[in-house]
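Below is one structure, written out as structure tokens; comments come after it.
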Amino acid sequence: MTTTQKPDTAAAIAPAITVPPVHDADIPPFPLAGRLRLNLSALGVDAGTPDLGERLCQLSKDNDLYDFEFSAQGELIIMPPSGWDTGAYEGAINTRVGVWQEENDGLYLPLSVMFRLPSGALLMPDASWISQTRHDELRAQEYQSVIDGAPDFIVEIRSRTDALRPGLAKMDEWMAGGARLGWYIDPYRQQAHIYRAGQDAEILDNPETLSGEDVLPGFVFPVRRLIFARYANPPNPSV
Numbered sequence: 021m022t023t024t025q026k027p028d029t030a031a032a033i034a035p036a037i038t039v040p041p042v043h044d045a046d047i048p049p050f051p052l053a054g055r056l057r058l059n060l061s062a063l064g065v066d067a068g069t070p071d072l073g074e075r076l077c078q079l080s081k082d083n084d085l086y087d088f089e090f091s092a093q094g095e096l097i098i099m100p101p102s103g104w105d106t107g108a109y110e111g112a113i114n115t116r117v118g119v120w121q122e123e124n125d126g127l128y129l130p131l132s133v134m135f136r137l138p139s140g141a142l143l144m145p146d147a148s149w150i151s152q153t154r155h156d157e158l159r160a161q162e163y164q165s166v167i168d169g170a171p172d173f174i175v176e177i178r179s180r181t182d183a184l185r186p187g188l189a190k191m192d193e194w195m196a197g198g199a200r201l202g203w204y205i206d207p208y209r210q211q212a213h214i215y216r217a218g219q220d221a222e223i224l225d226n227p228e229t230l231s232g233e234d235v236l237p238g239f240v241f242p243v244r245r246l247i248f249a250r251y252a253n254p255p256n257p258s259v
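For the sequence shown, the working numbering assigns the number 21 to the initial residue and increments by one for each residue that follows.
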């Protein structure tokens, strides 16, 4: 019996592939895959267990490149890496909130802190802050895993993997869950959507700064300089 060695598939295909040089203008609005949503009940997974938040936190630790959320509709949301640009923007807002909090009450919460909303959703913001009253009421287990209720102040920054409508819908969830002030920053459209408790969202076109208003008194974030100006030629994203 004669054995024929199978050719290496990658080697066989590679010579036929020509990769053109990449230019900024060639990069589509969302070159990375978007979020993956899995209906856990359809997969036979009981999502109603009390330790779901802790399990999602562990899942994130075990998969460094991905973050995980759980929707009010029972979906596991798998979020891919957002890219270096969004990471830089997230770092800018988190640094500024952290500096502000050094001379103010409350608790600044960095990336990857998970909140359990009254709807049952388990979500993670790009930046957040809770009041001193909320901080004093935190239970021991909340320090280690999931915090009940939305933060008082919430920031979400649109990344290349985010469509606009789901991002704004997530902001509605945050506000319905008890947030008092929220910013949705869109580098692609150079807009900031400002959410205030009990009010309709306000859209600001290329604002120079954003204010913490009465929730974070005296806090001012130079959004144009630190985010919008760095995106000199934003692509035209799809909705």
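Even glycine gets a Cβ: it sits at the ideal position worked out from N, Cα and C.
Quick caveat, the model's predicted, so the values are computed rather than measured.
Item	Value
Residue from Val175, Thr181, Gly187 with nearest C-alpha to Gly202	Val175
N-terminal and C-terminal residue of the alpha helix (DSSP H) that Ala189 is part of	184-196
Beta-carbon proximity list for Pro138, same chain, < 7 Å, skipping 5 on both sides	Gly197
Proximity to Arg209 [Cα-Cα], best of Asn226, Arg116, Thr115, Gln219	Asn226
Residue environment, Phe245, which counts as buried when at least 16 other CB atoms sit within 10 Å	One point to set straight first is that residue 245 is Arg, not Phe, in the sequence displayed. The residue in question, Arg245, is exposed, as its Cβ has fewer than 16 Cβ neighbours within 10 Å.
Distance, Leu142 Cα to Ile97 Cα	10 Å
Rounded straight-line distance, which links the Cα of Ile223 to that of Ile150	24 Å
Helix, strand or coil at Arg136 according to DSSP, with G and I counted as helix	strand
Nonlocal neighbours in the same chain, by C-beta distance under 6 Å from Leu188, ignoring five residues either side	none
Contact check, Ile205 vs Val243, beta carbons under 8 Å	yes
C-alpha gap between Glu157 and Glu89, whole angstroms	24 Å
Which residues DSSP lists as bridging Phe241, in chain order	Leu230
C-alpha distance - Gly238 paired with Ala221, whole-angstrom precision	21 Å
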